[in-house]
Structure formats: structure tokens, C-alpha cells
Amino acid sequence: MTQQRTPLPIIVGSGGINPAGRVSFDHAYRRMVLGALPQHAQQRTLSSLSKLMGLTELDNADAKAQILDGTLVRKIEHFDVQRIAWHNAMNLGQDSGNAHTFIVAKRQLPQTLPDGWNVTSLDDKQALVRCASDLNVLVQDLRPSRVTSAGQLPTGFDPAALYASRSHPRGLQMTVYGASDALRSTGFTIDELKSLVRPDQIGVYSGSAMGQLDQDGYAGMMQNALVGKRTTAKNLALGLPEMPGDFVNAYVLGSVGETAGILGACATFLYNVKRGMDEIRGGRKRIVMVGNAEAPITPSVIEGYRTMGALAEDEALMTLDSSTAPDNRRACRPFSGNAGFTLAESSVWIVLMDDALAMENGARILGSVGDVFVNADGYKKSIPGPGIGNYITVGKAMASARTLLGEEGLRHGTYMHAHGTGTPQNRVTESAIMSELAKAFGIPQFTIAAIKSYVGHSLAPAGGDQLAAIMGAWQDGIIPGIKTIDHIADDVARDHLHFPMQDEERGMENMRGAFVNSKGFGGNNATGFFMSPQQTEQMLEKRYGAKALAAAKQHQETTEQTAQAYNHAADDGEIAPIYRFGEGVLEGDDLTITDQEITVPGFAQKIVLAEANPFEDMT
Numbered sequence: 000m001t002q003q004r005t006p007l008p009i010i011v012g013s014g015g016i017n018p019a020g021r022v023s024f025d026h027a028y029r030r031m032v033l034g035a036l037p038q039h040a041q042q043r044t045l046s047s048l049s050k051l052m053g054l055t056e057l058d059n060a061d062a063k064a065q066i067l068d069g070t071l072v073r074k075i076e077h078f079d080v081q082r083i084a085w086h087n088a089m090n091l092g093q094d095s096g097n098a099h100t101f102i103v104a105k106r107q108l109p110q111t112l113p114d115g116w117n118v119t120s121l122d123d124k125q126a127l128v129r130c131a132s133d134l135n136v137l138v139q140d141l142r143p144s145r146v147t148s149a150g151q152l153p154t155g156f157d158p159a160a161l162y163a164s165r166s167h168p169r170g171l172q173m174t175v176y177g178a179s180d181a182l183r184s185t186g187f188t189i190d191e192l193k194s195l196v197r198p199d200q201i202g203v204y205s206g207s208a209m210g211q212l213d214q215d216g217y218a219g220m221m222q223n224a225l226v227g228k229r230t231t232a233k234n235l236a237l238g239l240p241e242m243p244g245d246f247v248n249a250y251v252l253g254s255v256g257e258t259a260g261i262l263g264a265c266a267t268f269l270y271n272v273k274r275g276m277d278e279i280r281g282g283r284k285r286i287v288m289v290g291n292a293e294a295p296i297t298p299s300v301i302e303g304y305r306t307m308g309a310l311a312e313d314e315a316l317m318t319l320d321s322s323t324a325p326d327n328r329r330a331c332r333p334f335s336g337n338a339g340f341t342l343a344e345s346s347v348w349i350v351l352m353d354d355a356l357a358m359e360n361g362a363r364i365l366g367s368v369g370d371v372f373v374n375a376d377g378y379k380k381s382i383p384g385p386g387i388g389n390y391i392t393v394g395k396a397m398a399s400a401r402t403l404l405g406e407e408g409l410r411h412g413t414y415m416h417a418h419g420t421g422t423p424q425n426r427v428t429e430s431a432i433m434s435e436l437a438k439a440f441g442i443p444q445f446t447i448a449a450i451k452s453y454v455g456h457s458l459a460p461a462g463g464d465q466l467a468a469i470m471g472a473w474q475d476g477i478i479p480g481i482k483t484i485d486h487i488a489d490d491v492a493r494d495h496l497h498f499p500m501q502d503e504e505r506g507m508e509n510m511r512g513a514f515v516n517s518k519g520f521g522g523n524n525a526t527g528f529f530m531s532p533q534q535t536e537q538m539l540e541k542r543y544g545a546k547a548l549a550a551a552k553q554h555q556e557t558t559e560q561t562a563q564a565y566n567h568a569a570d571d572g573e574i575a576p577i578y579r580f581g582e583g584v585l586e587g588d589d590l591t592i593t594d595q596e597i598t599v600p601g602f603a604q605k606i607v608l609a610e611a612n613p614f615e616d617m618t
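Using numbering that gives the first Met the number 0, you'd call the opening residue of the sequence shown number 0 and step up by one each time.
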């Protein structure tokens, strides 16, 4: 009896944009470890960033400083942190019983007049109002923000300017760029990808933790009427949390396959990876796109997290440093003296194929998904507070790594990208989890990376930021150190753990796999185990044989050439996201339908309707 083979999800493309730069071809990762790179790699990274940021010169110290200062966590640039719009509620009392009197445009009069208002027409446009009672008013105020640090996209990079954005919320603008970047990194055109499989064998899994919260999204819907503006027809629809995936289907990939947005707070990226992995391993999908986009750097969102005590406020940062000004660059300090997390924006996407399809078509092998585990916390005292679910996800992920790599592979060939938010609570609870599980699995010194120290906490895509850094380390062999800290806090568990505070070079034999840990409000815990390209190829060779792998790698050369052509063009500033608004729109009359299959124009293969009966023994 032939043993059924479980398809292995291969990472064949990755892309996006975060505060460190373009994700594809490891550019964002290299910004994090810039000082540890050879000189030529440093120069290429800086050159690529300069084009991304719209800078014309690079060959001087000022230009380099401008690039470095305009990336990673830094002082907020999206709005004036000293002049945040606010409204003060005021009660205007009467002076010695005299009525309030004022002139107002008739079009500005309330439809329902407040009690005590007497209105006299002055002319066609103006009216005189006398109010015989106290008057409650909202007076606009401008206040300084108590939080001035955030992880923002590189200065000068404007996703709205790259395509006909049509008042799209920023998160969706970032989606269009990020998904395009990932798809082009595969070395296949969209039409080529669509030709490889049936239309219903493609899946897109995406979402945002909070939806689109700027004025073109939910903020406009919720606030415009209160500040005298009009709510538009787009505010509600474009604000939906699943809209990043919908944009990929409708305007980037043009997919008619399965789509879903699995939401798990700050673990959302891994939740969607799990869905894509399960679909490929179950044989239901052969090509999957997974990703998230979040653009939460707005005064309202920052104030929401600040009032929870979650963000690193300027005053707290100054207290930590005994200084008179906040160190915005070092706002996020995982596992050290810290005061809260640093909010960020990001858009990260990966493309997955089953191993057979990747082998047949010479796809780039950037790594593979070993497994992803999701568990809740059980009964909780506090929705935001951590619980026991993360012990389970980390334990399951380590057990999976041991199964795939063996004891020695787990103990000496893996490391962890921690959630590492930079809050006092996280440093205690997450370090305790990792220490306890490292001890249980006999890992002598489990290396812990925490890249939120570079890019901040992007909420839904945060796990994608971590995975992008892992994939970069698989290429360059350098684990990013936690360089915003100078010590490990006394309450951090350190038994069996190693927290590098400088970039650390590792041999590839010691980087066979890596873990991504994510935790979210509500008891959303996820831990993913990912395997390096080298480990993935070893497994493919065992399944298919050395000859087949060699043939696939030879076929891969063409794919790699196409992918690198895109990389070089992007490095030179040639950025044109895929955006097909209104193109190839299909109606029911365009389909060819029988009781056995449906033919969809634009796809080489047909959708098969007659599937095997899964309950044959019961019917």
C-alpha cells in the first residue's frame, strides 16, 4: 500500500513594505543588520532605500544619514505631534442674564433647534440667534501627543502615489504595493501562476487586526458627522478588516478561488499562514497567498492604546534614560528596562506552493512552513493580559521541529523570533514561556531575537515582519541583535535563553529552522515553525531524489532570472504596483457551465464540480 504524501507548503515568494524598507529579496532585513554586512551589501541596501525614498544622491554622508534617519522606529512624521486636533466640551454661561447672541450662516443651523434658541433671518444667507439659556459647545483645541515614537514606512515613500489610489485607506494602498512585490518576487507573472492550477486551487488569506482606521476608512465613517464633514460611500466598505485580501483578489491577483480573513489580533499573520498551510497540506489548494496590512499610525489609535497603558510614552522613556528628551529611535526595548510597545505600520505577504507544483515549475525555494499552532488561554482575568495558551503553542511548535529536524536539529539548529513587544508584562511572561519550554526540550542556549526593536509593533502583520527577518537570516547568516537595549531586565527569565544585543553571525548548519511567536489581546496565541531553504531542499531530495531536485534547480534558473530582473528594477526605483481596476471583469454569461465543470475565462484549467464522495461509507 502506497503511503499518502502530505504536501509541504513551500515559500516561493515574499514581499511587502515595513519601516525597514522593501521586504522582497531581504532588503528590509538588511537594513536591520546593515553594520554587520560586507561593504558592497551595505552600499546596495542604501542605494535601494534611496530610490524607494525618492532621494537622488547617495554618495555623501548627509544622504546616508538621511536614509538611516528616515527608516525604522523614529519620531512620528505622519502628523504634527505637538498639534493634535482635539475638542473641548464647554458650557457657556450667561452674563447677568443676558442672552447669548451670534450670527451664523443659515446652512449651518441645526435641523433641530436646541431649546431656548430664537432665530431671526437677516438675509438670504445669514441668521441672528438669541439663546436664553446656557450654551454647550465643542471648542477645537490643539494638544501635544504624549507618544511621539512609531515604526513608519521609510520617509518619502508614498504608496498612494504609485497607482490610481482613489482615496483608498493607507492600509489598502500598502496592500497593493506589498502583494504586488510578493507576487513579482516569485519570478512568475500572474497569468503564469493562474495557468498552473485550477481556479479553485488558489487561496488568498488575509486580514487586518483593526481594519482601516484613517479618514478614508472607519475613522471617516465614525467621525465625519461629528466634525461637520460628509461620510462617503467608501468609508464603511473600505474599512472592513478583511479588505486587504479582497483587494488582492479584485485588483492584484484577480483570483476566483477561496478567500478568507482570519483575525487573531496581533497573531493574525500566523492565523492566516495556518489556514493556507492547512489548505495545501489537505490537497485543497496548490497556490496560496497570505499576508496582512495595517496602518494604525493615527492620533486616535495611538490615544486608544496609550490610555490602556500599553504604549511607551515620552515621559516614561525620559524617566528610563534620566533625560529631558525621549529617545525615539530606542522607544522599543524588548526584554530590558521598558515602558510599553511602539506602534507601527507594515504590509507583508508570502506566496506558498505545494512541493510537487514547486518542483514541476522551477519555483524559487525560499523556505517552507513546518507547522503553525494556535491555542487560547482558557478563563482569563483580563482580556489584554497573557495566559497559558502560548505555553501550548510554543511546546507544540518545538515538538514539531524535533519531529522534522531531530533532537540535535531542534537543540542546535533553531532559534526564536519572539513577540517581544517591549512591555514590562511581555518581558516577564514571554521569557518565562521560552525558558520553561527550552528547558523541557533540552535546548541549552535558545537564541531569542526581537525585531520590534527595529520596526515596532505592526499588529496584524507583526508575525510577517518576524518571518521576513528569518528569511533574510537564512540568506546572510546573521541574526539581528536587540540593539536598542544595553542590559536584560532582572525580572526576565534567562535560564536556557540567549538574548544577543548585537548582530550575531551563525553558520547555516545552525539555522535549519526558526520559530515565530505571536500573542494578541483576547487570548490569541500562535507559534509557527519555518524551515530554511537548505533544510527544505534536503527534504525534497529525500522525497523526489537527487536527480529530480537537480532538474528542478536547473529549471529554477529561469525563474530566478525573472525574479532578479524585477529586483534590480525595483532597486532602481522602477515601482509600478499591479493594480487592475475594472480589467477583465466577468459576468455570468462569460462562464461556460455544465453539471461537471465550469470554465472561467483567463484561467487555463477548468473548475471540476464532480468531486469524490467523502462519505462513501455512509451513503
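Ideal Cβ positions, reconstructed from N, Cα and C, are used throughout, including at glycine.
Predicted model, so just to flag it, every value in this text is computed and none were measured.
According to the DSSP assignment, S322 belongs to no alpha helix (DSSP H), since it is labelled neither H nor E. The C-beta separation of G339 from A315 comes to about 7 Å, placing the pair in contact by the 8 Å criterion.
For P479, there is no enclosing alpha helix (DSSP H), as DSSP marks it with neither H nor E. Look at the beta carbons and you see the region 5-20 not touching the region 481-491: under three pairs across the two are nearer than 8 Å. Just so you know, the alpha carbons of V255 and V454 end up roughly 34 Å apart. In this structure the region 424-436 touches the region 381-396; the number of beta carbon pairs closer than 8 Å is three or more. Measuring C-alpha to C-alpha distances from A575 to each of V251, V128, L33, F246 identifies V251 as the nearest.
Rounded to the nearest angstrom, the Cβ distance from Y162 to N271 is 24 Å, too far for a contact under 8 Å.
Within the model, the alpha-carbon separation for D594 versus F528 is close to 42 Å.
In the DSSP assignment, the residues bridged to G12 are V350. When the five nearest sequence neighbours on each side are left out, the beta carbons in the same chain lying within less than 7 Å of the beta carbon of T154 are those of M52, G69, E76, in order along the chain. For a cut-off of 8 Å, the C-beta gap from I577 to S179 is around 4 Å, short enough to register as a contact. Going by beta carbons, M173 and S346 fall inside the 7 Å limit. D215 carries a coil assignment under DSSP once its states are collapsed to helix, strand and coil.
A distance below 7 Å between beta-carbons, with the five flanking residues on each side excluded, links T119 to the following residues of its chain, in chain order: A126, L127.
In the pairwise beta carbon analysis, the region 414-427 is classified as touching the region 450-467: at least three pairs are separated by under 8 Å. Straight through space, the alpha carbons of W473 and E503 are spaced by roughly 13 Å. Each residue's CA atom was taken as its position, placing L404 and S164 some 46 Å apart.
Assigned with DSSP and collapsed to three states, K273 falls in helix.
In this chain, the alpha helix (DSSP H) harbouring Y543 covers 532-543.
C-alpha of A330 to C-alpha of T341: approximately 7 Å in a straight line. Runs of the beta strand (DSSP E) spanning 3 or more residues and lying entirely within the region 101-178 occur at 116-120, 125-130, 134-142, 148-150, in chain order.
For Y390, same chain residues with a beta-carbon under 8 Å away, outside a window of 5 residues either side, are I432, E435, L436 in chain order.
For H416, no alpha helix (DSSP H) encloses it; the enclosing beta strand (DSSP E) starts and ends at 413-416.
In the structure shown, M507 falls within a helical segment according to DSSP collapsed to helix, strand and coil.
Remark: three or more beta-carbon pairs, one from each stretch, lie closer than 8 Å, so the region 207-220 and the region 238-247 are flagged as touching. According to DSSP, residue pairing for A343 in a beta bridge involves G150. Beta-bridge analysis with DSSP links W473 to no other residue. By the criterion of a C-beta distance shorter than 7 Å, D313 is surrounded in its chain by R145, V146, T147, P325, once the five residues flanking it on both sides are discounted. Remark: C-beta atoms of I447 and F514 do not approach each other more closely than 7 Å. Take the alpha-carbon of R30 and the one of G544: they are about 38 Å apart. The residues I83, W85, in chain order, have a CB closer than 7 Å to that of R142 in the same chain once the five nearest residues on each side in sequence are set aside. For N360, the closest C-alpha among the options P109, S194, K74, Y28 is that of S194. Per DSSP, G290 is one residue of the beta strand (DSSP E) stretching across 286-293. Less than 7 Å separates the beta-carbon of L137 from that of A88. When DSSP states are grouped into helix, strand and coil, I279 belongs to the helix group.
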